[in-house]
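Visitor:
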DNA sequence: CGGTATCCTAGCTGATACTG
DNA sequence: CAGTATCAGCTAGGATACCG
């Protein structure tokens with residue numbers, strides 16, 4: 561009777577809604593991707609990896625992800641300061657789904673248009 | 561040998577990027593949800609179902625979805641005009657993944673904050 | 001009915017500082 | 001190093017009006 565599967569009138573997307581809002585934002589997916597390849601990563605390290613993102617935005621994205629329970633930050637009271645970000649188990653599970661999505665995307669990749677330039681994050 | 565699974569440096573999200581841009585936009589998920597419950601649906605019918613969306617935006621979203629190959633429109637040269645929208649097989653496959661996502665979202669539904677209030681029990 | 005054409009605004013995004 | 005504060009630009013989204 562879990563209606564996650566059989567709902568017909570209520571909105572199944574409700575629960576997704578807020579996560580979706582975060583995931584849909586710029587850079588978020590790329591941040592997650594970078595996190596997924598390493599266990600932990602530091603702020604500027606991540607910033608360099610993304611190259612093009614500003615501190616402002618990166619900090620914002622990370623905060624959102626943290627609030628959604630997808631990322632945890634660990635602060636080391638040192639000087640110079642060190643902060644390590646990592647994915648939560650929740651995010652690890654999401655990772656799997658995103659890979660399904662990636663597989664799906666590759667499978668149906670537009671054979672004609674080819675508008676999906678290999679790298680291009682999605683600027684502008 | 562398909563590295564959709566094992567990639568470690570390239571961006572797996574690349575292929576997703578443009579679909580993501582569409583899926584991440586407002587209303588899109590809801591449109592898809594409505595389409596998924598019915599085989600075909602007409603413009604204003606959909607508009608009523610979403611209630612709150614403007615013609616401008618709905619038309620835009622539908623066009624985007626069509627371009628992504630997720631939706632097809634069928635125009636009947638009648639008067640008054642009738643246009644039916646439906647999901648493509650590609651979208652049907654995506655539907656499965658989105659349900660996985662919904663399941664994931666429900667599973668990890670914030671037990672504490674409860675900011676994701678299904679129907680918002682408390683205010684603000 | 002099923003859209004387009006216009007216009008307007010909130011807010012995301014980014015650049016540029018500046019701190020602990 | 002790891003951010004915040006501030007300001008500016010652009011654009012997605014919505015309201016409104018109109019047409020085939």
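Protein chains in written order, with this note's numbering: chain P, 561 to 684; chain L, 561 to 684.
Here a beta-carbon is modelled for each residue, glycine too, at the ideal position from N, C-alpha and C.
Here the structure is a predicted model, which is why all the values come from computation and not from measurement.
Quick check on the DSSP output: what are the complete beta strand (DSSP E) runs of length 3 or more inside the segment 615 to 645 of chain L, in order along the chain?
Guide: Runs of the beta strand (DSSP E) inside the segment 615 to 645 of chain L: 631 to 636.
Visitor: Check for me: the alpha helix (DSSP H) holding residue 597(P) runs from which residue to which?
Guide: Working through the first chain from its first residue, we reach residue 597(P) at position 37. Residues 588 to 597.
Visitor: Note down the Cα distance separating residue 652(P) from residue 593(P), rounded to an integer number of angstroms.
Guide: In the first chain, the residue the question calls residue 652(P) occupies position 92. In the first chain, the residue the question calls residue 593(P) occupies position 33. The straight-line gap from Cα to Cα measures roughly 11 Å.
Visitor: Can you name the start and end residues of the alpha helix (DSSP H) that residue 652(P) belongs to?
Guide: Locating residue 652(P) in the first chain gives position 92, counting from the first residue. Start and end: 649 to 667.
Visitor: Where does residue 613(L) fall in DSSP's three states?
Guide: Walking along the second chain from the start, residue 613(L) turns up at place 53. In this structure, residue 613(L) counts as coil in the three-state DSSP scheme.
Visitor: DSSP state of residue 608(P), grouped into three classes?
Guide: One-based indexing of the first chain puts residue 608(P) at position 48. Three-state DSSP puts residue 608(P) in a helix.
Visitor: How many angstroms separate the CA atom of residue 670(L) from the CA atom of residue 650(P)?
Guide: Counted from its first residue, the second chain places residue 670(L) at position 110. Counted from its first residue, the first chain places residue 650(P) at position 90. So the two alpha carbons sit approximately 11 Å from each other.
Visitor: Would you list the residues sitting across from residue 601(P) in a DSSP beta bridge?
Guide: Taking the first chain and counting its residues from 1, the one referred to as residue 601(P) is at position 41. Partner(s): 645(P).
Visitor: Got a sec: which bits of the segment 596 to 624 of chain P sit with their beta carbon under 8 Å from any beta carbon on chain L, in order along the chain?
Guide: Cβ contacts with chain L come from 597.
Visitor: Quick check on residue 674(P) - is its C-beta less than 8 Å from some C-beta in chain L?
Guide: Counting from one through the first chain, the residue named residue 674(P) turns up at place 114. With a pLDDT of 46 at residue 674(P), under the threshold of 50, the modelled position of this residue cannot be trusted; read the value that follows with caution. Closer than 8 Å: no.
Visitor: Going along chain L, which residues have a C-beta under 8 Å from residue 517(P)?
Guide: Because chain P is modelled from 561 through 684, residue 517(P) falls outside the range shown and cannot be assessed.
Visitor: Can you check whether the C-beta of residue 670(L) is within less than 8 Å of a C-beta belonging to chain P?
Guide: Against the second chain, residue 670(L) aligns to sequence position 110. Judged by the 8 Å Cβ criterion, residue 670(L) is in contact with chain P.
Visitor: Does any residue of chain L bring its CB to less than 8 Å from the CB of residue 635(P)?
Guide: Walking along the first chain from the start, residue 635(P) turns up at place 75. Judged by the 8 Å Cβ criterion, residue 635(P) is not in contact with chain L.
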